[in-house]
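Q: Note that the protein sequences, when read in sequence, are chains A and B.
Residue 267 in the UniProt record's numbering sits at position 267 of the first sequence, and the numbers go up by one each step.
Residue 92 in the UniProt record's numbering sits at position 92 of the second sequence, and the numbers go up by one each step.
Ideal placement from N, C-alpha and C gives every residue a C-beta, glycine not left out.
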Amino acid sequence: MNQSAIQPDINGLFGQFGGRFVAETLMPLILELQAEYDTAKDDPEFQRQLAYFQSDYVGRPNPLYFAERLTEHFGGAKIYLKREELNHTGAHKINNCIGQVLLAKRMGKKRIIAETGAGMHGVATATVAARFGLPCVIYMGSTDIERQQPNVFRMKLLGAEVIPVTSGTGTLKDAMNEALRDWVTNVDDTFYIIGTVAGPHPYPAMVRDFQAVIGHETRAQMQEKEGRLPDSLVACIGGGSNAMGLFHPFLNDASVEMIGVEAGGKGVESGQHAASLNGGAPGVLHGNRTYLLQDEDGQIIDAHSISAGLDYPGIGPEHAWLHEQGRVEYVSATDDEALEAFQTCCRLEGIIPALETAHALAEVAKRAPNLPSDHLMVVNLSGRGDKDMMSVAHYLGEKFK
Amino acid sequence: MNPNSRLAARFAALKAENRPALVSYVTAGDPDMATSQRILDGLPGTGVDVIELGMPFSDPMADGPAIQKAALRALKEGQTQAKTLEMVRAFREKDTTTPIVLMGYYNPIYRYGVERFLTDAARAGVDGLIVVDIPPEHDDELCQPAAQHGIDFIRLATPTTDAKRLPKVLGNASGFVYYVSVAGVTGGSAPTPEKLERSVSQLREHTQLPIAVGFGIRTPEQAAIIGRFSDAVVVGSALVDCIEQAATPDEAVKGVHDLARELAQSVRDCREVREPQVS
Chain A
1 MNQSAIQPDI
11 NGLFGQFGGR
21 FVAETLMPLI
31 LELQAEYDTA
41 KDDPEFQRQL
51 AYFQSDYVGR
61 PNPLYFAERL
71 TEHFGGAKIY
81 LKREELNHTG
91 AHKINNCIGQ
101 VLLAKRMGKK
111 RIIAETGAGM
121 HGVATATVAA
131 RFGLPCVIYM
141 GSTDIERQQP
151 NVFRMKLLGA
161 EVIPVTSGTG
171 TLKDAMNEAL
181 RDWVTNVDDT
191 FYIIGTVAGP
201 HPYPAMVRDF
211 QAVIGHETRA
221 QMQEKEGRLP
231 DSLVACIGGG
241 SNAMGLFHPF
251 LNDASVEMIG
261 VEAGGKGVES
271 GQHAASLNGG
281 APGVLHGNRT
291 YLLQDEDGQI
301 IDAHSISAGL
311 DYPGIGPEHA
321 WLHEQGRVEY
331 VSATDDEALE
341 AFQTCCRLEG
351 IIPALETAHA
361 LAEVAKRAPN
371 LPSDHLMVVN
381 LSGRGDKDMM
391 SVAHYLGEKF
401 K
Chain B
1 MNPNSRLAAR
11 FAALKAENRP
21 ALVSYVTAGD
31 PDMATSQRIL
41 DGLPGTGVDV
51 IELGMPFSDP
61 MADGPAIQKA
71 ALRALKEGQT
81 QAKTLEMVRA
91 FREKDTTTPI
101 VLMGYYNPIY
111 RYGVERFLTD
121 AARAGVDGLI
131 VVDIPPEHDD
141 ELCQPAAQHG
151 IDFIRLATPT
161 TDAKRLPKVL
171 GNASGFVYYV
181 SVAGVTGGSA
191 PTPEKLERSV
201 SQLREHTQLP
211 IAVGFGIRTP
221 EQAAIIGRFS
231 DAVVVGSALV
241 DCIEQAATPD
251 EAVKGVHDLA
261 RELAQSVRDC
271 REVREPQVS
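1. With 16 other CB atoms within 10 Å as the buried threshold, where does residue 391 (chain A) fall?
2. Going along the chain, which unbroken runs of the alpha helix (DSSP H) with 4 or more residues stay wholly within the stretch 204-261 of chain B?
3. Kindly identify the DSSP beta-bridge partner or partners of residue 384 (chain A).
4. With 9 Å set as the bound, which would you pick, yes or no: does the beta-carbon of residue 297 (chain A) sit closer than that to a beta-carbon of chain B?
5. Spatial neighbours of residue 64 (chain B) within its chain, please: C-beta separation below 7 Å, excluding the five flanking residues on both sides.
6. Mind listing the chain B neighbours of residue 173 (chain A)? Cutoff is C-beta to C-beta under 8 Å, in chain order.
7. Using a C-beta cutoff of 9 Å, does residue 2 (chain A) count as contacting chain B?
8. For residue 56 (chain B), which of helix, strand or coil comes out of DSSP?
9. Where does the unbroken alpha helix (DSSP H) through residue 125 (chain A) begin, and where does it stop?
10. Quick one: what's got a C-beta closer than 6 Å to residue 71 (chain A)'s C-beta in the same chain, skipping five residues either side?
11. What distance in whole Å lies between the Cβ atoms of residue 232 (chain B) and residue 50 (chain B), which are believed to be in contact at a cut-off of 8 Å?
12. Going residue by residue through the stretch 106-133 of chain B, where are the continuous beta strand (DSSP E) segments of at least 3 residues, counting only ones entirely within it?
13. Mind pulling the chain B residues with CB within less than 9 Å of residue 185 (chain A)?
14. Does residue 21 (chain A) come within less than 9 Å of chain B when only Cβ atoms are used?
15. Answer yes or no: do residue 124 (chain A) and residue 112 (chain A) have a C-beta to C-beta separation smaller than 9 Å?
16. Rounding to the nearest angstrom, what Cα-Cα distance links residue 176 (chain A) and residue 81 (chain B) in this structure?
17. Answer with yes or no whether the minimum CB distance from residue 132 (chain B) to chain A is below 9 Å.
18. I want to verify the contact list: residues of chain B whose CB lies under 9 Å from the CB of residue 177 (chain A), in sequence order.
19. Which value, in whole angstroms, describes the spacing of the CA atoms of residue 32 (chain A) and residue 291 (chain A)?
20. Pick out whichever of A:189, A:360 and A:270 has its Cα sitting closest to the Cα of residue 110 (chain A).
21. Please list, in chain order, the residues of the stretch 148-162 of chain B that have any C-beta partner in chain A closer than 8 Å.
22. Closer than 7 Å by beta-carbon distance: list the chain A residues that pair up with residue 169 (chain B), in chain order.
23. In three-state DSSP terms, what is residue 294 (chain A)?
24. In terms of alpha-carbon separation, which member of A:366, A:380 and A:95 lies closest to residue 76 (chain A)?
25. Can you round the beta-carbon distance between residue 239 (chain B) and residue 213 (chain B) to whole angstroms, since I take them to be within the 8 Å contact cut?
26. Are the stretch 13-31 of chain A and the stretch 312-321 of chain A touching, with three or more C-beta to C-beta distances below 8 Å?
27. At 8 Å on the CB atoms, spell out the chain A contacts of residue 81 (chain B), in chain order.
28. Residues of chain B with CB closer than 9 Å to the CB of residue 165 (chain A), please, in chain order.
29. Whose CA, out of B:194, B:263 and B:235, lies closest to the CA of residue 229 (chain B)?
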């Protein structure tokens, strides 16, 4: 089955998921964006520019690193880390932002807006806006502003205006609502850089394509190091862009197992989590049909996670589809499991991962010990954890005293 | 448009009177279900011609602060889709002629189940639906099934909808067309009447349906000016603000009804010293 070639269809649908569920005011713009992206994709000049910024500005390709100490520690699978945290701005988010800002310039847009959870997408957006001389407004939930102060300051240093969103629980979904309200009001001059593989078509496919550089590099690097394909890929999932970027180029390789790790919060059974696939149901929000955390009446339920970047009640529609197809296995890791994995990675590899990324590492801790030593496992080290110092200190509490 | 519908009958009657309709919006269950029912039941008596009843949603992306807060107040008091339909059913026991259009977002309908929702809505006496996050590209989701249940699907046209796109937007539209006066969320500021009048007359070249204008209309004066060239004037946030500002349920009911009465008077008077209706 050649899944990557056929998805999404002309209406932006991955099976029943995806689509363009937006207000009429935005429809003409979304159709224009789609047409522009379709042209840009096949334009050698656009691709040349994108490649230039990916290498000289973002710092790609980043290494596929053999995590020798983690491998020894777990005593099973051979673990490789795809070092997205070494990108400029410290996460995979900028892969997508560079692509979208080039499109914004192409379309003659004069202003950039974005939503952010952990602040990594906000920082990446503020960064590219600065580089291309565009004014930038970032919507961020007030709860997230509280727990991600370093990133708030970074965005401001980069010249962005950070607008606190107090509606709802003041997290990522509320920031996205507010960004959509801004967009519908300033539709003529504004480009909305969505940070994940969600939102109305063409965003899920477009963000996926910009992030697929992760998987393409991994494939080539693994070929060089081991002379073959990896056996499994592991990535954390909020909206799901780092996972989709790693997984997508391997979807047609039946031998490659893929595992997406949702944020289990205090445990999926507790009701306080952000695991849309493992604890949600299909619905329509933020422009697409996908799995959502919602009640019996279709009202969206607030997500919970220690990690602001995973604290979202939905998931990209292509993940919803891959879940129903059974092509990707979706599991969850709790706050506690993520914190444990976070510390293991710090101490054994000297790499401080983002709390988001730590969820993927938590799954590695469960899985790797039971696998043979010739099993090649790639973990997307999607971001660095400097931004999480205060949260982690808070959670570990006494240990730091 | 369903020729036997309450909407068709109401707009035909108003055309004969040469006056625009007053369309009022309130959110179902705001500030609580009992008070909301009193507000709803009293609207026809104030002179409101068509009632838009909001189905509260946790994430109302197309709404400004006033209607966002109304939805949250209603949800906090336990409003559900089923209760909203129950309010319509109770209203229909007393009023069989005033059209009711439910307005909201797709997810609560999707979750309820589209077929089940349409069956229950038709039975309760709902005449039309406005669902802001389903563009014509997804007409098979709700618009076409609604037609089979005799429920009109009211389309929004906006300042960004150009002449090339209008036929697609209006293709399966019924009931009336809702012209969104500004690119933005509800409760913002309205554009100049001159600009609006041009937009409405452009829209008329593409449709025989009555044209309602909404977003940013707050006062009887504004309603009167816009009512001279449109078939209906929609007022929402200003009415909802009366509920927010009220100290008691009685004040909320009185506040909404007083403003509705003033607005109703202004749409009745607005064409009197003017030339006859153009359409």
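A: On the basis of the data shown:
1. buried
2. 220-227 and 237-245
3. A:353
4. yes
5. 185, 186, 187, 188 and 237
6. 59
7. Any answer about residue 2 (chain A) is weak, because its pLDDT of 47 lies below 50 and its placement is not dependable; what the coordinates show is given next. So, not an interface residue.
8. DSSP places residue 56 (chain B) in coil when its eight states are reduced to three.
9. 120-131
10. 78 and 79
11. 7 Å
12. Under the rule that a run must span 3 or more residues, the beta strand (DSSP E) segments found entirely inside the stretch 106-133 of chain B read 128-131.
13. 182, 183, 184, 185 and 188
14. Output row for residue 21 (chain A): interface = yes.
15. No, the pair does not count as a contact, with Cβ atoms beyond the cut-off.
16. A straight line joining the alpha-carbon of residue 176 (chain A) with that of residue 81 (chain B) spans about 24 Å.
17. yes
18. By Cβ distance, chain B contributes 59, 60, 61 and 68.
19. 27 Å
20. A:189
21. 155, 156, 157, 158, 159, 160, 161 and 162
22. 24
23. strand
24. A:366
25. That pair is no contact at about 16 Å.
26. yes
27. 297 and 298
28. In chain order: nothing, as chain B lies at least about 11 Å away.
29. B:194
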